[in-house]
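J.: Protein sequence lines correspond, in order, to chains A, B, C and D.
Every letter in the first sequence is one number past the one before it in our numbering, and letter 18, counting from 1, is 13.
Every letter in the second sequence is one number past the one before it in our numbering, and letter 19, counting from 1, is 14.
Every letter in the third sequence is one number past the one before it in our numbering, and letter 148, counting from 1, is 143.
Every letter in the fourth sequence is one number past the one before it in our numbering, and letter 12, counting from 1, is 7.
There are 4 protein chains.
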Amino acid sequence: MDKLFIPILLGTARDERESEKVAKFVFDQFSKNTKIKTELIDIRNFALSETTPSWVESPIIAEWRETLTKADGLIIVAPEYNHGYPGELKLLIDSALKEYEKKPVAICGVSSSAIGGARMMQHLIPTLSKLGMIPIKDAAYFSVVKELFNQKGKIKNKQKWQKILKKIFDELLWYAKVLKEGRIKYPK
Amino acid sequence: MDKLFIPILLGTARDERESEKVAKFVFDQFSKNTKIKTELIDIRNFALSETTPSWVESPIIAEWRETLTKADGLIIVAPEYNHGYPGELKLLIDSALKEYEKKPVAICGVSSSAIGGARMMQHLIPTLSKLGMIPIKDAAYFSVVKELFNQKGKIKNKQKWQKILKKIFDELLWYAKVLKEGRIKYPK
Amino acid sequence: MDKLFIPILLGTARDERESEKVAKFVFDQFSKNTKIKTELIDIRNFALSETTPSWVESPIIAEWRETLTKADGLIIVAPEYNHGYPGELKLLIDSALKEYEKKPVAICGVSSSAIGGARMMQHLIPTLSKLGMIPIKDAAYFSVVKELFNQKGKIKNKQKWQKILKKIFDELLWYAKVLKEGRIKYPK
Amino acid sequence: MDKLFIPILLGTARDERESEKVAKFVFDQFSKNTKIKTELIDIRNFALSETTPSWVESPIIAEWRETLTKADGLIIVAPEYNHGYPGELKLLIDSALKEYEKKPVAICGVSSSAIGGARMMQHLIPTLSKLGMIPIKDAAYFSVVKELFNQKGKIKNKQKWQKILKKIFDELLWYAKVLKEGRIKYPK
């Protein structure tokens, strides 16, 4: 079995996005504490105006589809806007199809409020499930994000967050490994 | 009291969108059968790549905010993609804020499947509600959209659809009128 | 116009429910700070085994239907169980139909976690909307409920909660008043 | 590896429930066309008045917990009431916890309307996911249920439904098998 590959998607392109700090922290923790190959993907690298259906070939979106094809799972770091997900995240998700199937996904929510993206996840989960992904049981809620990092950009209460992320990574890797073995052993 | 104004938003920019036919039919019915001022707004006229938060002034989105400010209600015609709403629709919705408050909204769902956009509405409703809109009780479900129009682009079973839309328009107008009177009589 | 009547529903029957304290606090605040007639309704007073559809007459549920008929709005205080609403709350909601129409509803969420019932609300809102209620824009999130009250059962940070509830009550009453006038002036 | 066991839950207790016919058809198809051990579980056999939290031992609900413990997956047949799931289904789901983990679930929706339970599923999926279940990609939508069966109680268009169910069973069994192997090979 090949080495696992699990990219991390920063799912907002908005000016002054706070989620960037969270995504970098998650990427950092994942890189250091698992031996899994990863990559931090910035949604800004994809054309937000892309409205080509997923069944049409598109050079702009080809890189995203290739990354997903190689991936054995996904971590999405995204904020909640008006109790839903960012539009650009949905545009990107909708631009692939078969590439998601039988792979686990973990969601790290970010919010300026105390709710930490929980409502956005309620909407992301059925969509990811429809695409054949497996949203794992646990999630991380980065609430009141403006107070989470110190002036040097370091997260406060680091150990608390490390513990939360460890639980999520463990569960994600269990599924990534088991489902990869399943995809190899029992191809359709 | 000024005349009511209720625009109709075509909420997908995707190539080969089927919702355009539905939006035109809804616009046509609304224009003919109510005496309400309206306008068909194509989401393609707004920059999909716009990621300016709603609290920042933006020339690109100014027209949308002005239209909403004048509006006494809204009709959204939108498809369901992967059991959620189109990303471009969320980008546009997220680009205004106070402009939505205390105004009713009706949703016409479009789908290539038999479900008619019902799942997308489950996600649109809490977001519109959070913005202070009043999603009305009834909705229209334009299921299996590829079979709904004849070769000349005319809707089949017109009377059935007229009856469905009449019920929705009646409810929308009740709220538009009552809430406009309320906004005038009891300003904050 | 008759005096407004807005009952408050405690929406969990579970043993050792923490939401009872919250419901009593909300009831207390609503009674003291508005001049609106109210009543605290305990869902335990209704038979959970009620499985009669809403279109059939049922003596067990008649009191609930009568209360709703007289009501000009509703406040629901309910916990989140497994990211959804309590089953008994849905059973009670499903036991009436026309009685909900054109009336506003405010939700106060309760949770042992930090999320305060936000996910449960995402599911309650479309259901209440389908029944013709108007879920108001704001909500109260009573997170980590075990730490909210002191040993004497008094809420900590009372002023913070009073401010949150005042905003909700103001919005609820605006809709209750405007929609009652609308129901009288423009009956169907 | 032991033989797989996948029970089928009829998730409504309502008088005159139409979902019973659908559950029997699904049970029949699953029994005949897979070699998997199954059982049709009627939610009426569990006390709806059960309000004991899942972390407390409860003789009334012990049988449900034991069935889940033995199960390698689950099929839920349930109607949509007011765009959500039946309250009694949520009460039963909430009465267990760890028993659901790392097991797939398929949902068969039933509706008197044309929507086939799609909205109810949007709410069931995040709850089942939070409990550690894996909602599979596809679902069955038994829309306009009153017209689906002939006077002898036989389903019309049997081949269409067999094809839909086959796809669901195949996917469910893939996950049941792969995850069971995973649970054995990589216990926590």
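Backbone N, C-alpha and C define an ideal beta-carbon position, used for all residues, glycine too.
Nothing here was measured: the structure is a model prediction, and the numbers come from that model.
Which residues does DSSP list as the beta-bridge partners of A/Gly104?
T.: DSSP lists A/Ala73 and A/Tyr136 as partners of A/Gly104.
J.: Taking 7 Å as the cut-off, is the beta-carbon of A/Gly79 closer than that to any non-hydrogen atom of the ligand COA?
T.: The model on display carries no ligand, and the ligand COA is accordingly not part of it.
J.: Give a yes or no on whether 8 Å exceeds the smallest Cβ distance from B/Tyr136 to chain D.
T.: Cβ-Cβ to chain D under 8 Å: yes for B/Tyr136.
J.: Could you tell me whether the Cβ of B/Ile163 comes closer than 8 Å to any Cβ of chain D?
T.: No, no contact with chain D.
J.: By a C-beta neighbour count over all protein chains shown, 10 Å radius and 16 as the cutoff for buried, is D/Trp50 buried or exposed?
T.: The residue is exposed, with fewer than 16 neighbouring Cβ atoms inside 10 Å.
J.: Got a sec: is the Cβ-Cβ distance from B/Ile110 to anything in chain D below 8 Å?
T.: For B/Ile110, the answer is yes, since a Cβ of chain D falls inside 8 Å of its Cβ.
J.: Given a limit of 8 Å on CB to CB distance, which residues of the region 86 to 99 of chain D reach chain C?
T.: Result list: Leu86, Leu87, Ile88 and Asp89.
J.: Answer with yes or no whether the minimum CB distance from A/Leu174 to chain D is below 8 Å.
T.: Yes, A/Leu174 counts as interfacial toward chain D.
J.: Answer yes or no: do C/Ala73 and C/Met128 have a C-beta to C-beta separation smaller than 8 Å?
T.: Contact flag unset, no.
J.: Terminal residues of the continuous alpha helix (DSSP H) containing B/Pro130?
T.: First-last for B/Pro130: Met128 to Pro130, but that is the beta strand (DSSP E), not the alpha helix (DSSP H).
J.: Can you name, in chain order, every residue of its own chain whose Cβ lies under 7 Å from the Cβ of D/Leu143, other than the five neighbours on each side?
T.: Here the set comprises Phe137, Ile150 and Lys151.
J.: Would a C-beta distance cut-off of 8 Å place A/Ile102 and A/Ala134 closer than the cut-off?
T.: Their beta carbons are under 8 Å apart, which means A/Ile102 touches A/Ala134 by this criterion.
J.: Please report the straight-line C-alpha distance between D/Arg178 and D/Asp23, rounded to a whole angstrom.
T.: Distance between the alpha carbons of D/Arg178 and D/Asp23 is about 29 Å.
J.: The alpha helix (DSSP H) spanning A/Leu119 covers which residue range?
T.: First-last of the alpha helix (DSSP H) with A/Leu119: Ala113 to Lys125.
J.: For A/Gly148, count the other beta carbons within 10 Å of its own beta carbon; 16 or more makes it buried, fewer makes it exposed. Which is it?
T.: Classification of A/Gly148: exposed, given that the 10 Å Cβ count is below 16.
J.: Can you pull the chain B residues whose beta carbon is under 8 Å from the beta carbon of C/Lys125, in chain order?
T.: Chain B residues near C/Lys125: Lys132.
J.: Relative to the alpha-carbon of C/Pro81, which residue among C/Val139, C/Arg39 and C/Lys19 has its alpha-carbon at the smallest distance?
T.: When only C-alpha atoms are compared, the closest one is C/Arg39.
J.: Between which two residues does the alpha helix (DSSP H) holding A/Ile55 run?
T.: Segment Pro54 to Lys65, the alpha helix (DSSP H) holding A/Ile55.
J.: Mind checking if D/Gln154 is an interface residue toward chain A, Cβ cutoff 8 Å exclusive?
T.: For D/Gln154, the answer is no, since every Cβ of chain A falls outside 8 Å of its Cβ.
J.: Does the Cβ of A/Lys65 have 16 or more other Cβ atoms within 10 Å, making it buried, or fewer, making it exposed?
T.: With fewer than 16 Cβ atoms within 10 Å of its Cβ, A/Lys65 is classed as exposed.
J.: Pull out every residue of the region -1 to 14 of chain D whose Cβ sits closer than 9 Å to any Cβ of chain C, in chain order.
T.: Listed by position along the chain: Thr7, Ala8, Arg9, Asp10, Glu11 and Arg12.
J.: Select from A/Pro130, A/Pro99 and A/Ala109 the residue whose C-alpha is nearest the C-alpha of A/Ala171.
T.: The option with the nearest alpha carbon to A/Ala171 is A/Pro99.
J.: Suppose contacts are defined by Cβ-Cβ distances below 8 Å. Is D/Ser124 in contact with A/Ile159 by that definition?
T.: In this structure, A/Ile159 does not lie closer than 8 Å to D/Ser124 by Cβ.
J.: Under the DSSP definition of a beta bridge, which residues are partnered with B/Pro99?
T.: DSSP output for B/Pro99 lists B/Ile129 as bridge partner(s).
J.: Just to confirm, is the Cβ distance from D/Ile36 to D/Glu75 under 8 Å?
T.: No, the Cβ-Cβ distance between D/Ile36 and D/Glu75 is not below 8 Å.
J.: What does D/Ala113 reach in chain B if we use C-beta pairs closer than 7 Å?
T.: Within 7 Å Cβ-Cβ: Ile110, Ala113 and Arg114.
J.: Does the distance from the CB of B/Ile71 to the CB of B/Gly112 come in under 8 Å?
T.: Contact: no.
J.: Between D/Lys85, D/Arg9, D/Ser106 and D/Phe20, which lies nearest to D/Thr227 when the distance is taken from Cα to Cα?
T.: Residue 227 of chain D is absent from the model: chain D starts at -4 and stops at 183.
J.: Among B/Glu94, B/Glu83 and B/Val21, whose alpha-carbon lies nearest the alpha-carbon of B/Phe41?
T.: Closest option to B/Phe41, Cα to Cα, is B/Glu83.
J.: Going along chain A, which residues have a C-beta under 8 Å from C/Gln117?
T.: Within chain A, the residues near C/Gln117 are His78, Arg114, Gln117 and His118.
J.: Under a Cβ-count criterion, where at least 16 other Cβ atoms within 10 Å of its own Cβ denotes burial, should C/Pro182 be classed as buried or exposed?
T.: Result: exposed.
J.: Is there a Cβ from chain D that is less than 8 Å from the Cβ of C/Ser44?
T.: Closer than 8 Å to some Cβ of chain D, the Cβ of C/Ser44 qualifies, so yes.
J.: Give every residue of the same chain whose Cβ lies closer than 6 Å to the Cβ of D/Lys161, excluding the five residues on either side of it in the sequence, and list them in chain order.
T.: Nothing listed; no residue qualifies.
J.: Where do the ends of the alpha helix (DSSP H) carrying C/Asp165 lie?
T.: That run of the alpha helix (DSSP H) goes Lys153 to Lys180.
J.: Classify C/Asp(-3) as helix, strand or coil using the three-state DSSP reduction.
T.: Correct three-state label for C/Asp(-3): coil.
J.: Quick check on DSSP: helix, strand or coil for D/Gly82?
T.: D/Gly82: helix per DSSP, three-state reduction.
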